Amino acid sequence: MENHGAPTLPLQGVRILSVEDYLQLPWCTVILADMGAEVIRVESLARVETRTMGPYPDNRPGQRFWDQGGIHHLWNRNKRSLTLDLTKPQGVDASKRLVAISDVVAENNRAGVMERFGLDYEALRQVKPDIIMLRTTGYGQTGAWRRYGAFARTVDAVTGLSHLTGYKGGPPVRANPSYMDITAAWNNALVILMALHYRRRTGKGVFIDMSMYETGISCIGVALLEYQTSGTYPPRMGNAHRWMVPHGCYPCAGQDEWVTIAVRTEEEWKRLCQVMGRPDLLEDPRFATYEARWANQDALDALIARWTRTLDKRTVMLRLQEQGIPSASVFHAKDLLTDPHFRQRGFFERYTHPPEVEGVGTRVYTVRPYQFSRSRGSIRFIARLGEHNRPVLADLLGYSPEAIAEMELAGVIGTEPVDAERLRPRPSPPEAQVRLGSSAFWDPDYRKVLALEEQQEGGAHDAQA
Amino acid sequence: MSIGLVNDLVVLDMSQGVAGPLSAKLLADQGAQVIKIEPPEGDYARRRGPFPHNIPHPEKSLTFAYFNTGKKGITLNIRTPQGANLLKELARRADILIEDLRPGELDALGVGYPALEEINPRLILVSVTPFGQYGPYKDFAVEDITLQAISGFLYLSGDADKPPVQVALEQAQIMGGRCAAIATMLAVMERWETGRGQHVDVSIAEAVASQPPMHIVQYAYLGVVATRGPRSPNPTDGDYLPCKDGYICITTGGGNPWEKFADFFQAPELRDPRFATREGRAQHGAEIQAILVDRLRERGKYEVFHTGMRERFVLGVVQTPEEVLACPHLNERGAFQEVAHPALGTLRYPRSGFRLDGQPAGEIRPAPLLGQHNEEVYCGWLGYPREALARWKATGII
Numbered sequence: 004m005e006n007h008g009a010p011t012l013p014l015q016g017v018r019i020l021s022v023e024d025y026l027q028l029p030w031c032t033v034i035l036a037d038m039g040a041e042v043i044r045v046e047s048l049a050r051v052e053t054r055t056m057g058p059y060p061d062n063r064p065g066q067r068f069w070d071q072g073g074i075h076h077l078w079n080r081n082k083r084s085l086t087l088d089l090t091k092p093q094g095v096d097a098s099k100r101l102v103a104i105s106d107v108v109a110e111n112n113r114a115g116v117m118e119r120f121g122l123d124y125e126a127l128r129q130v131k132p133d134i135i136m137l138r139t140t141g142y143g144q145t146g147a148w149r150r151y152g153a154f155a156r157t158v159d160a161v162t163g164l165s166h167l168t169g170y171k172g173g174p175p176v177r178a179n180p181s182y183m184d185i186t187a188a189w190n191n192a193l194v195i196l197m198a199l200h201y202r203r204r205t206g207k208g209v210f211i212d213m214s215m216y217e218t219g220i221s222c223i224g225v226a227l228l229e230y231q232t233s234g235t236y237p238p239r240m241g242n243a244h245r246w247m248v249p250h251g252c253y254p255c256a257g258q259d260e261w262v263t264i265a266v267r268t269e270e271e272w273k274r275l276c277q278v279m280g281r282p283d284l285l286e287d288p289r290f291a292t293y294e295a296r297w298a299n300q301d302a303l304d305a306l307i308a309r310w311t312r313t314l315d316k317r318t319v320m321l322r323l324q325e326q327g328i329p330s331a332s333v334f335h336a337k338d339l340l341t342d343p344h345f346r347q348r349g350f351f352e353r354y355t356h357p358p359e360v361e362g363v364g365t366r367v368y369t370v371r372p373y374q375f376s377r378s379r380g381s382i383r384f385i386a387r388l389g390e391h392n393r394p395v396l397a398d399l400l401g402y403s404p405e406a407i408a409e410m411e412l413a414g415v416i417g418t419e420p421v422d423a424e425r426l427r428p429r430p431s432p433p434e435a436q437v438r439l440g441s442s443a444f445w446d447p448d449y450r451k452v453l454a455l456e457e458q459q460e461g462g463a464h465d466a467q468a
Numbered sequence: 005m006s007i008g009l010v011n012d013l014v015v016l017d018m019s020q021g022v023a024g025p026l027s028a029k030l031l032a033d034q035g036a037q038v039i040k041i042e043p044p045e046g047d048y049a050r051r052r053g054p055f056p057h058n059i060p061h062p063e064k065s066l067t068f069a070y071f072n073t074g075k076k077g078i079t080l081n082i083r084t085p086q087g088a089n090l091l092k093e094l095a096r097r098a099d100i101l102i103e104d105l106r107p108g109e110l111d112a113l114g115v116g117y118p119a120l121e122e123i124n125p126r127l128i129l130v131s132v133t134p135f136g137q138y139g140p141y142k143d144f145a146v147e148d149i150t151l152q153a154i155s156g157f158l159y160l161s162g163d164a165d166k167p168p169v170q171v172a173l174e175q176a177q178i179m180g181g182r183c184a185a186i187a188t189m190l191a192v193m194e195r196w197e198t199g200r201g202q203h204v205d206v207s208i209a210e211a212v213a214s215q216p217p218m219h220i221v222q223y224a225y226l227g228v229v230a231t232r233g234p235r236s237p238n239p240t241d242g243d244y245l246p247c248k249d250g251y252i253c254i255t256t257g258g259g260n261p262w263e264k265f266a267d268f269f270q271a272p273e274l275r276d277p278r279f280a281t282r283e284g285r286a287q288h289g290a291e292i293q294a295i296l297v298d299r300l301r302e303r304g305k306y307e308v309f310h311t312g313m314r315e316r317f318v319l320g321v322v323q324t325p326e327e328v329l330a331c332p333h334l335n336e337r338g339a340f341q342e343v344a345h346p347a348l349g350t351l352r353y354p355r356s357g358f359r360l361d362g363q364p365a366g367e368i369r370p371a372p373l374l375g376q377h378n379e380e381v382y383c384g385w386l387g388y389p390r391e392a393l394a395r396w397k398a399t400g401i402i
């Protein structure tokens with residue numbers, strides 16, 4: 004798109020202090036950090052979960068493996084890393100001094116944890132009356148279930164979405180590995196932005212109590228209304244649709260390759276028959292009318308599968324799209340990363356790590372689903388553990404070098420996890436992942452596929468490969 | 005009285021279906037003044053349903069009713085010169101315009117971003133489309149299943165030995181709508197600094213593709229392609245197992261030692277050294293599954309869920325929509341709001357997912373009837389006489 008005026012980042016000047024781990028808050032603060040917010044991620048040296056989730060470049064965790072993990076890089080880009088032991092008074096004191104110069108404090112610990120640190124909303128308001136505080140958990144800060152723990156997959160179940168998803172006649176199916184985490188992350192980002200707007204306008208802060216469960220039920224709102232009006236909702240129906248037919252996911256040439264097709268109108272049905280080279284189906288009493296097709300869905304799906312099975316999944320998609328029929332290949336990670344459309348839109352961004360972060364070099368990351376005519380986000384940096392301890396404590400808070408050294412000595416701050424060797428990851432080899440079924444296949448030459456090699460030649464980094 | 009986080013914003017929503025309308029609903033439910041601009045025949049969601057008892061009625065589409073709460077409704081045929089002019093008049097007075105026409109169509113009608121910017125430099129134009137404003141797939145026809153497919157979401161859903169399976173209820177569109185609302189608010193924040201609006205290009209496929217993004221990293225760091233099915237052969241990593249009256253999602257998360265898990269399920273055989281490590285549990289997953297299935301057979305799903313959660317395991321109970329509506333925890337938190345709609349009656353709608361300052365957030369007002377607010381908006385807001393309305397109606401402009 005054209006650039007109208009000078010580029011700006013919408014959240015420049017906004018400071019967010021985030022006591023976060025796992026996904027639903029980190030992915031929210033990434034959204035805000037990408038667009039210019041100064042996010043200070045408060046990390047604990049005793050719990051570095053996200054930093055030890057891998058994957059490590061070519062499965063080789065190095066000396067400082069906690070700085071090398073791909074999930075950490077993806078979830079924590081553009082955030083400053085400040086390690087603080089919040090169980091110690093100096094840690095709490097430093098965090099309160101930061102609160103005094105921040106706009107937002109966000110946290111996703113279990114209900115009750117921030118109270119133990121003396122960092123609940125009332126305590127923060129004493130320090131900064133117009134602070135915005137977001138607390139985000141599985142079940143919220145109030146109510147009978149408030150202390151219950153949550154993972155995205157358990158919340159999928161609780162929201163009702165799993166009950167509605169699954170194969171015809173089969174058990175409920177979990178939506179997707181992290182759907183509820185990321186949906187909650189988005190809701191977190193949205194409400195923080197609305198609260199920042201509200202504060203610009205009124206000068207008032209606000210206390211936000213976010214629940215992943217409640218965000219999840221808003222995703223099945225239509226089924227909730229249908230139950231109330233009709234006493235029913237759609238059964239689990241695999242890839243079928245309530246009224247579209249044909250509508251499904253069909254096998255293509257190759258192993259585990261699929262294409263989806265959705266036919267909405269009589270006109271689209273006629274065109275589908277033409278593309279399949281089966282004009283005879285238009286006369287076939289089993290399929291000639293919508294009612295007949297509805298009654299003979301299984302036979303129709305089998306006929307379509309017979310056609311798709313011999314073709315490449317992209318060929319089917321492109322031939323049907325030429326005729327305006329909704330169809331798309333079922334893409335996996337490699338398809339997405341090499342697809343011309345996503346590439347042209349810059350949906351995957353390259354970032355070259357500094358040589359201090361051993362063995363990573365240039366990699367590609369998922370970025371943002373929106374683009375602005377004037378504002379442009381990018382990956383500016385990815386912090387090593389404790390990389391910003393000194394800049395934050397000295398430059399923002401005015402701590403003396405002696406005071407910082409003392410905190411280091413007391414273990415309040417640091418750059419290495421407690422008991423690092425115990426955490427040392429033992430990643431399972433790609434061949435084993437494929438054998439056990441968690442991975443479909445392995446491309447040992449993936450660097451060439453992603454053109455990562457050529458990017459590295461000009462860089463300062465010496466690749467291990 | 006709830007806090008209206010965005011009750012100063014004036015939003016025009018000329019999008020249809022789910023994604024664009026949801027983005028405007030999310031703002032409307034927090035107080036924004038949203039005017040829904042429908043073509044004279046109405047948003048296509050009015051014809052798609054689902055409808056109560058499957059009886060089609062343009063004022064009873066539950067999809068329309070849910071994704072258009074809190075909006076005022078007007079009709080306008082923007083494909084006529086006078087309609088386009090009226091759109092400009094509305095845009096002059098608005099902060100945000102949300103649209104979902106095919107890329108290029110708005111320009112062709114003479115109301116593309118450059119024209120709108122000239123009228124109102126503070127206006128934020130948000131285009132919510134399947135693949136964004138440019139790129140080889142920008143004109144592709146889509147349905148929810150094809151959006152789930154092309155974005156990598158579908159491939160990861162379902163069982164390894166079966167085809168991928170779609171996630172119910174237009175989740176791709178819902179993801180697109182939520183991301184569009186975020187993008188809109190980012191542009192609003194930028195406008196505080198520059199005083200200027202901008203054009204925002206939201207891609208629904210990219211919204212879906214940004215979750216779950218971990219498989220992208222697995223390929224970019226290792227060259228492995230993640231697939232669907234249980235991520236681990238160990239059922240206590242999140243499998244759904246049957247109880248007496250439904251399903252429970254089992255994880256050993258929460259920090260409890262494995263022995264405590266064995267006690268919880270009254271399954272001393274789980275203390276066998278073969279199951280003591282994660283690796284061992286992965287290796288002997290089928291045996292663990294058989295033991296758990298046996299122990300769960302006589303237990304109720306809620307009993308297992310609450311007992312386990314109180315002991316700090318992380319479990320999930322598979323609830324039906326009616327169980328969600330009846331959930332005491334949700335009701336205690338005020339997660340639903342009763343909304344009276346003239347055609348659908350009074351129903352409980354889920355709120356936004358968060359509470360503000362200790363109160364349920366925002367307020368849900370019913371979706372508009374077709375053209376319900378024509379007079380209020382065209383006469384009351386733009387100042388046209390009632391006769392003009394009659395004339396436009398006769399000529400198909402509204």
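Order-wise, the sequence lines are chains A and B.
Numbering follows this note's numbering, with no gaps: position 103 of the first sequence is 106.
Numbering follows this note's numbering, with no gaps: position 88 of the second sequence is 92.
Glycine is no exception: its CB is placed at the ideal position from the N, C-alpha and C atoms.
All values reported here derive from a predicted model rather than from experimental measurement.
Residue i (DSSP reduced to helix, strand or coil)
i      : result
Q258/A : coil
Y353/B : strand
Y223/B : helix
S161/B : coil
W445/A : strand
R128/A : helix
D243/B : strand
A119/B : helix
H7/A   : Confidence at H7/A is low in this model, with a pLDDT of 47, below 50, so its placement is unreliable and the value that follows should be read with caution. In this structure, H7/A counts as coil in the three-state DSSP scheme.
I134/A : coil
N392/A : helix
D485/A : Because chain A in this structure spans residues 4 to 468, residue 485/A falls outside the shown range and cannot be described.
D47/B  : coil
Minimum Cβ-Cβ distance from residue i to chain A less than 8 Å
i      : result
Y244/B : yes
Y388/B : no
G74/B  : no
T150/B : yes
H219/B : yes
Q177/B : no
S356/B : yes
C253/B : yes
Y3/B   : In the structure as shown, chain B begins at 5 and stops at 402. Residue 3/B is therefore absent and cannot be evaluated.
V38/B  : no
E45/B  : no
Any chain B beta carbon closer than 8 Å to residue i
i      : result
V360/A : no
G462/A : Only weak support exists for where G462/A lies, its pLDDT of 42 falling under 50; the value from the coordinates is given anyway. Chain B contact via Cβ: absent.
G344/A : Note on identity: in this sequence residue 344/A is His, with Gly being the wrong assignment. So, interface residue.
P60/A  : yes
Q258/A : no
D123/A : no
Supposed contact pair residue j and residue i - C-beta distance, whole angstroms, cut 8 Å
i      : j      : result
S98/A  : V45/A  : 7 Å
A339/B : R355/B : 6 Å
Element boundaries [alpha helix (DSSP H), containing residue i]
i      : result
G69/B  : The sequence shown places Ala at residue 69/B, rather than the Gly named in the question. That run of the alpha helix (DSSP H) goes L66 to F71.
R1/A   : Nothing in the structure corresponds to residue 1/A, since chain A is present only between 4 and 468.
F120/A : V116 to F120
V102/A : P92 to V102
Runs of alpha helix (DSSP H) lying entirely within the region 317–341 of chain B, each at least 4 residues, in chain order:
325–330 and 332–336
Where are the beta strand (DSSP E) runs, 3 residues long or more, that stay fully inside the region 20–81 of chain A, in chain order?
Runs of the beta strand (DSSP E) inside the region 20–81 of chain A: 41–46.
Residues in the region 196–220 of chain B with C-beta within 7 Å of chain C's C-beta atoms, listed in sequence order?
The structure shown contains no chain C; the protein chains it does contain are A and B.
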